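One point on numbering: in the working numbering, the residue at position 88 of the sequence shown is 224, and numbering is uninterrupted. Where is the CB? At the ideal position from N, CA and C, for every residue including glycine. Quantities reported herein were computed from a predicted structural model and do not represent experimental measurements.
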Amino acid sequence: MGPLQIKDLLLQAPESQSVILKGWVRTKRESKNAIFIALNDGSTINNIQAVAQPGQFSPELLLTVTTGSCLKITGKLVESMGSGQAVEVQIDDIHVYGTADPEVYPLQPKKHSLEFLREIAHLRPRTNTFGAILRIRHTLAFAINKYFNDKGFFYLHTPIITASDAEGAGEMFRVTTLDLDKLPRTDEGAINFKEDFFGREANLTVSGQLEGELGAMALSKIYTFGPTFRAENSNTTRHLAEFWMIEPEMAFFELQDNMDLAEDFVKTVISYALEHCKDDLNFLQNRLTEEEKSKPQNERSLPLLEKLSFVVDNPFERLTYTEAIEILLQSKPHKEKKFQYPVGWGIDLSSEHERYLVEKHFKKPVILTNYPREIKSFYMKLDEDGKTVRAMDVLFPGIGEIIGGSQREDNYEKLLERVHEVGIDPETIWWYLETRKFGTAPHSGFGLGFERLVLFVTGMSNIRDVIPFPRYPKSAEF
Ligand code: 4AD
Ligand code: MG
Numbered sequence: 137m138g139p140l141q142i143k144d145l146l147l148q149a150p151e152s153q154s155v156i157l158k159g160w161v162r163t164k165r166e167s168k169n170a171i172f173i174a175l176n177d178g179s180t181i182n183n184i185q186a187v188a189q190p191g192q193f194s195p196e197l198l199l200t201v202t203t204g205s206c207l208k209i210t211g212k213l214v215e216s217m218g219s220g221q222a223v224e225v226q227i228d229d230i231h232v233y234g235t236a237d238p239e240v241y242p243l244q245p246k247k248h249s250l251e252f253l254r255e256i257a258h259l260r261p262r263t264n265t266f267g268a269i270l271r272i273r274h275t276l277a278f279a280i281n282k283y284f285n286d287k288g289f290f291y292l293h294t295p296i297i298t299a300s301d302a303e304g305a306g307e308m309f310r311v312t313t314l315d316l317d318k319l320p321r322t323d324e325g326a327i328n329f330k331e332d333f334f335g336r337e338a339n340l341t342v343s344g345q346l347e348g349e350l351g352a353m354a355l356s357k358i359y360t361f362g363p364t365f366r367a368e369n370s371n372t373t374r375h376l377a378e379f380w381m382i383e384p385e386m387a388f389f390e391l392q393d394n395m396d397l398a399e400d401f402v403k404t405v406i407s408y409a410l411e412h413c414k415d416d417l418n419f420l421q422n423r424l425t426e427e428e429k430s431k432p433q434n435e436r437s438l439p440l441l442e443k444l445s446f447v448v449d450n451p452f453e454r455l456t457y458t459e460a461i462e463i464l465l466q467s468k469p470h471k472e473k474k475f476q477y478p479v480g481w482g483i484d485l486s487s488e489h490e491r492y493l494v495e496k497h498f499k500k501p502v503i504l505t506n507y508p509r510e511i512k513s514f515y516m517k518l519d520e521d522g523k524t525v526r527a528m529d530v531l532f533p534g535i536g537e538i539i540g541g542s543q544r545e546d547n548y549e550k551l552l553e554r555v556h557e558v559g560i561d562p563e564t565i566w567w568y569l570e571t572r573k574f575g576t577a578p579h580s581g582f583g584l585g586f587e588r589l590v591l592f593v594t595g596m597s598n599i600r601d602v603i604p605f606p607r608y609p610k611s612a613e614f
């Protein structure tokens with residue numbers, strides 16, 4: 137089916153066998169004795185070299201073979217005389233599917249800034265860097281599905297359009313078919329959502345968790361892996377308005393089991409990428425090393441592969457929020473008033489605090505647990521002291537929070553009390569509340585931000601560069 141991929145052709149033994157190549161030209165180089173075309177089809181970071189003799193093709197044809205043009209090449213696979221590749225293709229024939237006028241094609245064989253590439257997101261998958269990122273992204277997605285399947289979890293497809301706010305943070309995108317120029321009104325003058333498509337207010341989901349819990353109360357172990365949407369006006373290198381989240385939810389798991397699963401899960405998928413994305417990770421590692429050359433030695437980060445292996449090989453540090461606050465209060469930046477935000481029990485840790493704990497104090501991933509109830513979501517199980525909840529956040533170096541999760545409140549009265557406390561209308565989640573009336577069970581789960589994982593594994597520094605077509609404030613091009 138279809139042509140052989142370049143990734144597989146590069147592994148074949150050269151026996152002058154006939155081969156067909158289809159792909160995009162990365163570079164063309166003409167010397168006195170030969171014309172070299174480097175072709176790439178995205179199956180691998182490596183190009184295949186195709187060689188023609190001078191005079192073999194008309195100058196008119198060769199003029200259309202430029203960076204970005206798309207070709208079909210027929211020829212013979214032979215041993216390569218050049219260094220850097222084992223095989224190459226002796227060209228018999230070239231067919232040009234599509235030209236790419238070098239006067240206007242924006243991707244020329246030189247270094248482009250990531251900012252510039254963001255403006256041409258329709259073409260950036262054709263660069264080495266984005267090819268590598270997209271292949272790693274795919275491999276991680278596959279590893280995630282494999283991990284849960286191997287562990288007896290069922291993939292539950294939770295809705296994208298919902299009428300509830302799973303996080304209770306009010307950061308939702310409205311979904312409506314009402315005519316914004318002629319909004320139907322009630323007698324009191326409010327917008328009449330009864331006339332809207334769903335007969336009520338609806339929005340894009342911020343999390344599949346609430347429905348995930350319904351699944352776990354029947355199938356025991358489920359996970360979701362889908363797009364989630366947050367209308368928070370966060371212009372940071374860690375936030376997207378549309379991101380993909382993986383949310384496992386498990387009946388009969390308490391906080392300890394939840395932490396064990398989260399740690400084993402991220403380690404397993406990272407080591408899967410280490411094993412299956414060697415060429416791409418090596419490329420990204422070299423790219424980073426190159427980038428950091430201008431920095432002083434002590435500011436450079438660990439080489440990418442070492443950083444990933446370190447995370448896989450070492451236990452995460454586990455401590456409570458209260459212990460973390462103690463450490464921060466004793467810290468040098470706190471004593472020297474270097475933190476921008478104040479430290480004290482009850483604060484929502486800001487990223488400078490998280491980074492201090494992970495990057496300076498422990499120098500490894502950290503799981504923080506038992507946060508104050510006031511700063512966490514309504515569904516988290518209350519601790520015996522009534523002050524903290526059974527929350528857990530996994531914090532990663534260079535990333536901050538990569539996972540957020542908790543044991544869930546399984547007691548109907550306590551949950552209802554929290555719902556009222558945070559001002560959610562119980563009517564909008566009556567079905568969620570009913571699980572605590574009918575066969576309630578201890579259960580737990582967490583959410584991993586997929587792009588934050590891809591960010592960590594690729595070593596990139598902006599989350600907008602690890603999703604093909606990013607969505608963020610004032611940007612929904614492509
Ligand atoms: O901590 P969050 O908001 O937790 C939840 O949504 C829970 N319902 C998860 C659960 O227990 N099932 O989000 C979970 C993770 C964060 O740790 C972060 O990695 C990622 O989702 N995340 C974002 N990633 C990119 N852009 C954003 N705006 C993000 N907001 C959260
Ligand atoms: Mg969180």
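Counted within 10 angstroms of its Cβ, other Cβ atoms place residue i as buried (16 or more) or exposed
i: Q345; result: buried
i: Y477; result: exposed
i: H579; result: buried
i: G511; result: Reading the sequence as shown, one finds Ile at residue 511 and not Gly. When all chains shown are included, I511 counts as exposed.
i: P501; result: buried
i: P606; result: buried
i: V530; result: buried
i: Y233; result: exposed
i: T372; result: exposed
i: Q244; result: exposed
i: T524; result: buried
i: M137; result: exposed
i: S513; result: buried
i: Q543; result: buried
i: L276; result: buried
i: A313; result: Contrary to the premise, residue 313 reads as Thr rather than Ala in this sequence. Classification of T313: exposed, given that the 10 Å Cβ count is below 16.
i: Q185; result: buried
Proximity test, residue i beta-carbon vs ligand 1 heavy atom, cut-off 6 Å
i: H375; result: yes
i: M353; result: no
i: G306; result: no
i: G583; result: yes
i: R97; result: The chain is shown only over 137 to 614; residue 97 falls outside these bounds and no answer can be derived.
i: S343; result: yes
i: R588; result: yes
i: R366; result: yes
i: M386; result: no
i: E349; result: no
i: E537; result: yes
i: F389; result: no
i: E399; result: no
i: E251; result: no
i: E545; result: no
i: E383; result: yes
Residue i Cβ short of 6 Å to ligand 2 heavy atom set
i: G159; result: no
i: G540; result: yes
Limits of the beta strand (DSSP E) - the one that residue i falls within
i: N506; result: V502 to P508
i: Q141; result: Segment: none, Q141 is in no beta strand (DSSP E) and carries neither H nor E.
i: Q153; result: Q153 to E166
i: L584; result: H579 to G585
Endpoints, alpha helix (DSSP H) assigned at residue i
i: F266; result: N264 to D286
i: N422; result: K414 to E428
i: T200; result: P195 to T200
i: L292; result: Element bounds for L292: n/a, residue is neither H nor E.
i: R260; result: Careful: R260 lies outside any alpha helix (DSSP H) and carries neither H nor E.
Residues sharing a beta bridge with residue i, DSSP
i: I230; result: I209
i: Y608; result: S611
i: E224; result: V214
i: A186; result: I173 and V225
i: R588; result: According to DSSP, which records beta bridges pairwise, R588 is partnered with nothing at all.
i: R92; result: What is shown of the chain runs 137 to 614, which leaves residue 92 out entirely.
i: T203; result: T203 pairs with nothing; no bridge assigned.
i: T298; result: N339
Cutoff 7 Å: residue i Cβ touching any chain D Cβ
i: L340; result: Among the chains in the structure shown there is no chain D, since it carries only a single protein chain.
heavy atom of ligand 4 below 6 Å from residue i C-beta
i: F379; result: Ligand 4 is absent from the structure shown, which contains only ligand 1 and ligand 2.
Check your understanding: Taking the runs of the beta strand (DSSP E) that are 3 residues or longer, which of them lie wholly in the region 316-404?
Key -> Qualifying beta strand (DSSP E) stretches, in chain order: 338-340, 357-365 and 378-387.
Exercise for review: Quick one: which unbroken beta strand (DSSP E) runs of 3-plus residues sit fully inside the region 513-574? Chain order, please.
Suggested key: Fully enclosed beta strand (DSSP E) runs of 3 or longer: 524-532 and 536-543.
Point to revise | Any beta strand (DSSP E) of 3 or more consecutive residues that is wholly inside the region 437-474 | key: As far as the region 437-474 is concerned, its whole beta strand (DSSP E) runs of at least 3 residues are 453-456.
Review point. Which parts of the region 475-502 are runs of the alpha helix (DSSP H), unbroken and 4 residues or longer, counting only runs that do not cross its ends?
Key: Qualifying alpha helix (DSSP H) stretches, in chain order: 487-491.
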